[in-house]
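K.L.:
Take 1092 as the starting number for the sequence shown in our numbering and just add one per residue.
Mind looking over this structure? Questions follow.
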Amino acid sequence: MCSNQSPMELLELDKNCSICLSFPKEQLKMKCCGSFLCRPCFDYAIKRHEQCSFCSKSEFGLKNVSYNSIKMKICDECEEEVPEKEFEVHKKCTKTLELEYQRYKRKFEDTEMEKKKLKSELHVKVQRLGETVIKYRDENIMFQGRIKTLTEALDADLAKAKQEKQRVMQNAKKKILQLKKELDEEKAKVAPQIREQPIIANIVAAPTSSANVTKTEGVEKNLTETEKKNLRSG
């Protein structure tokens, strides 16, 4: 309740239509039971009932009804028509409601301001995050490009080194074959000379003794340097 009125005063103010519960400007009060009706509900009820539909004690007619015209006032706060007897109560309630409305309105406005502030901060953070994402994306693209370039250069160097290794190995094989061929040719040249000197061959093949060594040394003096090398190499 928004007033300090007694229950009887409030009951006196409660004069709604007993059928549709509206608060009519023109009230029709049943003398038999004190029920209130609005004019449309009374006209409807009198066509359907011969006795009072609330107490069933008396005939339902105009002679059993008292009229009460309600004086109305317009509320400045809500611009609504209110019965004069209820005007003060209504005004107090309206003021209370207005205060509550203003309080919630301020809360709502404060909430809206906080909401706008949070949205602004969120927008700034999202914008910074977007800039950071773009920055890291660009750096990632740059690093991927560098990695690709270095990988291609490394692959090229490995391929070049592989080719160089194959070339060196082929040259080494050719050199070895060439040296082997030269050695075989040199042996082929020396072999006939050794066969033409049976004495030297026998000395070389005979068991070693001091006399043989002396003879061999004497024979070596008459040999050329090439023959000496061939003799020693066997």
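The beta carbon of each residue, even a glycine, is placed where N, CA and C say it ideally should be.
Remember, predicted model here, so these are calculated numbers, not experimental data.
#1: For C1111, is the classification buried or exposed, using 16 other Cβ atoms within 10 angstroms of its Cβ as the cut-off for buried?
#2: Which same chain residues, not among the five before or five after E1230, have their C-beta less than 7 Å away from its C-beta?
#3: Compute the distance between the beta-carbons of F1133 and N1107, then report whether it is under 8 Å.
#4: Looking at the unbroken alpha helix (DSSP H) that takes in C1146, where does it start and where does it end?
#5: Go ahead and label V1215 buried or exposed: buried means 16 or more other beta carbons lie within 10 angstroms of its beta carbon, across all protein chains shown.
#6: Taking just the CA atoms, how far does E1222 sit from F1199?
#7: Could you tell me which whole beta strand (DSSP E) segments of length 3 or greater appear in the region 1245 to 1269?
#8: The alpha helix (DSSP H) that contains C1132, what's its start and end?
#9: So, is V1224 buried or exposed, given that buried needs 16 or more other C-beta atoms within 10 angstroms?
#10: Which term fits E1191, buried or exposed, when burial requires 16 or more other beta carbons within 10 angstroms of its beta carbon?
#11: Would you check if the distance between the CB atom of C1129 and the CB atom of S1113 is smaller than 8 Å?
#12: What do you get for Q1254, buried or exposed, if any count of 16 or more other CB atoms within 10 angstroms of its CB means buried?
#13: Using three-state DSSP, classify F1114 as helix, strand or coil.
#14: How big is the Cα-Cα spacing for D1201 and L1209?
#15: So what does DSSP say about K1208, is it helix, strand or coil?
#16: State buried or exposed for C1143, treating a residue as buried only when at least 16 other CB atoms are found within 10 Å of its CB.
#17: In whole angstroms, give me the CA-to-CA distance for D1248 and K1239.
#18: Straight-line CA distance for Y1195 to E1205?
#19: Measuring straight from C-alpha to C-alpha, what distance separates K1251 and K1264?
#20: What does DSSP give as the partner residues of F1199 in its beta bridges?
P.N.:
The relevant details are as follows:
#1: Flag for C1111 reads exposed.
#2: Exclusion of the five residues before and after E1230 leaves no residue of its chain whose Cβ lies closer than 7 Å to its Cβ.
#3: For F1133 and N1107, no; Cβs fall outside 8 Å.
#4: The continuous stretches of alpha helix (DSSP H) do not include C1146, and DSSP gives it neither H nor E.
#5: Label assigned to V1215: exposed.
#6: The straight-line gap from Cα to Cα measures roughly 34 Å.
#7: Those beta strand (DSSP E) runs which fall completely within the region 1245 to 1269 and span 3+ residues do not exist here.
#8: It spans R1130 to R1139 - the alpha helix (DSSP H) in which C1132 sits, taken as one unbroken run.
#9: Its Cβ having fewer than 16 others within 10 Å, V1224 is exposed.
#10: Around the beta carbon of E1191, fewer than 16 other beta carbons sit within 10 angstroms, so the residue counts as exposed.
#11: Closer than 8 Å, so yes.
#12: It is exposed - the Cβ of Q1254 has fewer than 16 other Cβ atoms within 10 Å.
#13: Coil at F1114, not helix or strand.
#14: If you take the alpha carbons of D1201 and L1209, they lie about 12 Å apart.
#15: Taken through DSSP and simplified to helix, strand or coil, K1208 comes out as helix.
#16: By the neighbour-count rule (16 or more Cβ atoms within 10 Å), C1143 is buried.
#17: Cα to Cα, D1248 sits roughly 14 Å from K1239.
#18: As the crow flies, the alpha-carbon of Y1195 is around 15 Å from that of E1205.
#19: The alpha-carbon atoms of K1251 and K1264 are separated by roughly 20 Å.
#20: In the DSSP assignment, F1199 is bridged to no other residue.
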